[in-house]
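Heads up: the structure comes next, in structure tokens.
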Amino acid sequence: MPGVTLKDLSKRYGDVGAVNGLSLTVEPGELVALLGPSGCGKTTTLRLVAGFLTPEAGEIWVGDRCLSSATSVVAPERRRMAMIFQSYALWPHMTVAHNVAYGLRFKRGLARADREHRVREMLRVVQLAGYEARYPGELSGGQQQRVAVARALVVEPEILLLDEPLSNLDANLREEMRFEIRRLHEAFAITTLYVTHDQAEAMVISDRIAVLDHGRVAQVGTADEVFLRPRTRFVAEFIGRTNLVEGVAESADTLVHGPLRLRVGGGLAPGARAAVSIRPHDIGLAPAGGARASAGHNALAGTIKRASFLGESVDYQVELPGGLTLRVAAPAGRRLLVGAAVELTIDPAVCVPVGEEPR
Amino acid sequence: MRIDRSLPVWIGAALALAFLMALPLGWLAWVSVSREGGGTTLAHYRAVLGDPALSKALWNTLVLAFWVGLVSIAIGAPLAWLTARTDLPGKGLLRALVMASFVTPPFLGAFAWVMLAGPNAGLLNTLWRAWTGAERGLVNIFTMPGLVFVVAIYTFPYVYIMIANTLALIASDLEEAAAIHGAGRLTVALTVTFPMVLPAVVSGFILAVLQALALFGSPAILALPAGFHTITTQIWSFFQYPPKVEQAAAFSLPLLLATALLLLVQKRLLGRRGYAAVGGKGGQRRTIPLGLWRWPALAACLLVMACAIFLPYGILAKAAFSRAWAQPLTWSNTTLANFTFTFFEYGATRAAIVNTLELGLLTASVGAVLVALLAYVSNRRLILGHQVVSFLALAPIVIPGVVLAVALFIAYTRPPFVLYGTLAILFVAYLTKEMPTGYAQSDATFRGIPPDLEDAGRILGAGRLRILRDVTAPLARSGIIAAWCFIFIGVIRELSASIILFTPNTKVMSVVIFDLKEEGQFGAIAVLGLVMLALTFATVAVMQGLLGRDVLGARE
């Protein structure tokens with residue numbers, strides 16, 4: 000089972016660079032999610048890997064085969080890949096069984112009986128046994144999705160590509176299918192690239208997440224890593240909600256913003272402008288005078304400007320001296336009122352320095 | 000890099016197209032400025048533009064086209080609104096009748112109206128005299144207003160289609176949004192509905208004007224006896240002995256430029272129409288109750304249809320079955336002699352029918368395959384310059400049939416390609432002329448097949464040609480057959496190019512009908528006309544079955 004390596008890939012549409020020098024390594028058997036907002040180049044990257052597009056620069060390697068470079072591109076049909084499309088791309092004029100069996104026609108030395116057996120077996124795996132003779136138009140969205148999955152997996156591809164496969168499903172089904180896809184990945188362990196704009200989906204499904212921004216990888220890591228240690232401002236803001244505090248680094252572990260001095264986990268360049276990300280739920284909140292900050296934690300006085308009840312938690316906006324406003328997510332148990340004086344406690348370890356995004 | 004084996008197919012199709020277009024038009028432009036014995040000159044342009052008779056023809060054409068545009072709107076716009084938005088009874092029937100008017104060969108309509116409203120023997124005038132005892136007839140079709148009328152009743156469907164399709168895109172909630180903000184019915188119509196439909200009205204007007212500019216048959220039948228020319232009849236008369244090809248070329252180019260310019264304007268207008276479709280999805284279109292006005296409205300619609308369909312078809316049928324078409328249809332006046340005369344006695348007919356069918360089948364088959372390839376190339380962006388392919392395939396729409404014929408005449412009467420006098424030159428003419436219609440149909444077909452469906456097969460191991468066979472072709476089949484039908488219908492009714500390119504051995508049905516007019520054989524004209532209509536409607540029926548919707552929706 001080979002892995003995939005993308006080296007300095009670039010692809011432009013007219014004057015717009017969709018992918019700008021993107022590099023990424025996917026280990027054999029690994030599932031990596033390409034996550035980013037629309038227009039970040041994730042789908043273009045996937046189509047480059049599939050061979051539907053030719054890169055202007057860079058290379059795509061699968062194992063020791065170079066599949067794409069600016070000068071030569073292996074046709075999609077010779078890449079031993081499979082792909083699941085956002086639209087499912089089921090052929091409306093073929094039955095479920097014919098759809099699923101199609102890729103097997105191009106496997107040499109496969110007897111008809113073998114083929115039929117594998118189709119039946121795969122339909123059983125995706126829980127569609129008995130639907131062989133139906134046409135795609137006669138299936139529900141979730142069932143169509145399963146046919147698309149079966150059609151891709153039955154050929155036992157070296158690489159599996161998924162392009163927002165769940166975005167056409169309703170919310171409940173989407174959540175169910177996330178676990179289903181993860182289960183299938185664990186069963187088949189195919190090297191997989193998974194494009195999505197939904198961070199929760201990426202977190203549930205993938206081994207690692209590559210966050211894409213302007214056609215580059217802004218950060219690649221496990222869900223924990225990109226959430227807890229975002230490397231750039233873009234990653235911090237795109238994955239979950241966050242507070243960004245900008246200022247000047249006084250030392251490696253102190254950031255100054257107006258009258259505020261914030262102790263952070265370290266890693267700042269002294270004297271330079273810097274920004275740190277603090278997640279709303281990492282901030283402790285108590286009525287003024289009621290907080291007991293642990294030694295070394297930041298303790299900041301502020302006033303509640305707005306409080307929104309969200310069910311499981313309350314979302315507060317707290318204004319600090321100097322005008323900075325932080326969002327704080329506190330448990331819904333005890334409610335503080337707008338205008339109340341409060342004290343915030345922040346562990347320096349949750350103040351994560353973030354760099355500027357590469358341009 | 001392995002060369003895609005399918006590439007030569009695409010490039011071949013694109014080259015065939017460029018050749019079809021470039022050679023004749025190049026010759027046309029060249030001949031219009033070439034001097035006898037070498038060199039270039041503007042003498043031909045000076046000759047045609049300086050001649051007062053020709054200027055008069057030019058003026059007549061402008062008058063005709065302008066009024067046809069206006070009358071088409073006056074008929075097409077209310078009809079579109081009534082059938083799209085109100086509870087008018089018989090909407091389905093009316094749509095079918097509009098479609099019938101759309102596919103009726105205009106020159107047949109013109110013949111029919113000669114029999115209906117000719118100043119002396121015209122049926123309406125005879126009846127009028129009989130009823131009122133008046134000396135003079137009621138109407139004379141051999142006049143400019145008569146010509147405008149006859150052209151407009153077969154041209155208004157262009158306006159109708161544009162407006163009906165636009166109205167279908169405007170959801171009622173846009174109008175209701177205005178109403179909830181306090182606008183009265185009239186205000187809503189004036190401030191919301193009308194501005195949204197306006198681009199469609201203007202572009203329908205332009206299409207109607209274009210039709211009128213390019214038309215040869217009706218002016219030849221109605222204007223020539225009335226003693227005036229239009230551009231197209233004038234160009235045709237340049238080809239009467241002794242032929243003045245250079246002047247025809249010089250007279251053709253201004254017409255070509257005018258049509259090109261008009262289409263450019265129309266394209267601009269439609270390009271900005273995008274807003275009409277915004278939110279069109281899911282919007283309900285509520286019908287407006289007409290109340291008691293339903294019946295007068297229906298009567299008005301039926302009156303229009305009587306002029307376009309009932310009366311002309313009726314008089315054609317009558318003429319086909321009677322000894323003397325102007326006499327009442329009594330038992331003694333009823334005969335099948337016209338049929339025996341047409342099919343067995345008149346020399347040219349059977350050969351012409353065979354020629355027409357042969358050309359129709361051949362052009363439709365070659366054309367359908369060619370436009371399918373071209374539409375596929377441009378939709379899937381298979382070769383560099385695929386936009387040029389699309390442009391070239393649609394370009395012949397600006398070439399009036401007569402102009403195309405002049406260009407082909409020039410290009411194929413000299414080496415290296417001497418086709419004049421053969422059916423091949425008619426084939427090339429029809430193929431070029433019908434290309435835009437067929438291409439538009441094919442383009443819509445391939446646009447309806449998402450590329451994902453092909454990509455899904457390729458990534459599973461199928462090559463492009465294999466995917467074409469397994470996925471694309473089955474999905475595109477009915478759309479391609481529809482394109483075939485469009486081309487076939489266009490070919491069997493073609494007159495304006497045929498009238499210049501035919502030779503005694505290569506006559507087609509429309510040309511024979513035109514010849515029969517010279518001999519005053521109205522019975523035989525009616526018989527051939529009915530044959531042509533039968534062929535047309537049979538093809539339309541096939542197409543409707545295939546597309547599962549009526550044909551009007553497909554023509555944008």
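Protein chains in written order, with numbering that gives the first Met the number 0: chain A, 0 to 358; chain B, 0 to 555. We put the beta carbon where it would ideally sit given N, CA and C, even for glycine.
Residue contact with chain B for A/Met-202: absent (no Cβ-Cβ distance below 8 Å to any residue of chain B).
A/Gly-301 is bridged by DSSP to A/Val-341. Here B/Val-70 is buried, its C-beta having at least 16 other C-beta atoms within 10 Å.
Taking 3 residues as the shortest admissible run, the segment 394-429 of chain B contains no complete beta strand (DSSP E) segment at all.
When Cβ-Cβ separations below 8 Å define contact, A/Val-154 makes contact with chain B. A residue is called buried when at least 16 other Cβ atoms come within 10 angstroms of its Cβ; B/Leu-529 meets this threshold and is buried.
The shortest C-alpha to C-alpha distance from B/Ala-248 to any of B/Leu-262, B/Leu-260 and B/Gln-233 is the one to B/Gln-233.
For the pair A/Val-61 and A/Ile-158, the CB atoms are nearer than the 8 Å cut-off. A check of alpha carbon separations from A/Gly-20 across A/Glu-120, A/Asp-7, A/Gly-13 and A/Leu-211 identifies A/Asp-7 as the nearest. For B/Thr-348, the enclosing alpha helix (DSSP H) stretches over residues 346-379.
Contact between B/Thr-535 and B/Ile-491 holds, since their C-beta atoms are separated by about 7 Å, short of 8 Å. Judged by DSSP in its simplified three-state form, B/His-43 adopts helix. Rounded to the nearest angstrom, the gap between the Cα atoms of A/Thr-4 and A/Ala-32 is 14 Å. Measuring C-alpha to C-alpha distances from B/Leu-546 to each of B/Ala-182, B/Gly-478, B/Ala-219 and B/Val-113 identifies B/Gly-478 as the nearest.
DSSP places B/Pro-51 in the uninterrupted alpha helix (DSSP H) bounded by 51-84. If you ignore the 5 residues before and after A/Met-121, its C-beta comes within less than 7 Å of the C-beta of Val-99, Ala-149, Leu-152 and Val-153, all in its own chain and listed in chain order.
With a cutoff of 8 Å on beta-carbon distance, B/Leu-115 and B/Leu-107 are scored as not near each other. Listed in chain order, the positions of the segment 462-477 of chain B with a beta carbon within less than 7 Å of a beta carbon of chain A are Gly-462, Val-470, Pro-473 and Leu-474. Within the same chain, Cβ atoms closer than 6 Å to the Cβ of B/Ala-307 are found at Ser-100 and Ile-152, the five residues on either side in sequence being excluded.
Among the CB atoms of chain A, none fall inside 8 Å of the CB of B/Ile-480. Within chain A, no C-beta atom comes less than 7 Å from the C-beta of B/Pro-7; the nearest is roughly 16 Å away. Among the residues facing chain A, B/Arg-380 is not included, as its CB has no counterpart in that chain under 8 Å away. With respect to A/Ala-287, A/Ala-340 sits close: the two C-beta atoms are nearer than 8 Å. Annotation: Cβ neighbours of B/Arg-457 in chain A (cutoff 7 Å, chain order): Pro-75 and Glu-76. A residue is called buried when at least 16 other Cβ atoms come within 10 angstroms of its Cβ; B/Asp-442 meets this threshold and is buried. In this chain, the beta strand (DSSP E) harbouring A/Asp-212 covers 207-212.
Inside the segment 170-201 of chain A, DSSP marks whole alpha helix (DSSP H) runs of 4 or more residues at positions 170-187, from first to last along the chain. For B/Leu-545, the closest Cβ of chain A is not nearer than 8 Å. Setting aside the 5 residues that flank it on each side, B/Leu-19 is surrounded in the same chain by Thr-431, each with a C-beta closer than 6 Å to its C-beta; the list follows chain order. Taking the C-beta atoms as reference points, B/Leu-532 is found no nearer than 8 Å to B/Ala-523. At a cut-off of 8 Å between C-beta atoms, B/Leu-383 does not count as an interface residue with respect to chain A. Any Cβ of chain B closer than 8 Å to the Cβ of A/His-196 would place that residue at the interface, and such an atom is absent. About 19 Å separates the CB atoms of B/Ala-350 and B/Phe-487; that is not less than 8 Å, and the two are not in contact.
With contacts defined as CB atoms closer than 8 Å, B/Val-303 and B/Leu-459 fail to qualify as a contacting pair. At a cut-off of 8 Å between beta carbons, A/His-116 makes no contact with chain B. Only residues of its own chain outside the window of five on either side were considered, and among them Thr-94, Val-95, Ala-96 and Leu-122 have a CB closer than 7 Å to the CB of A/Glu-131, listed in chain order.
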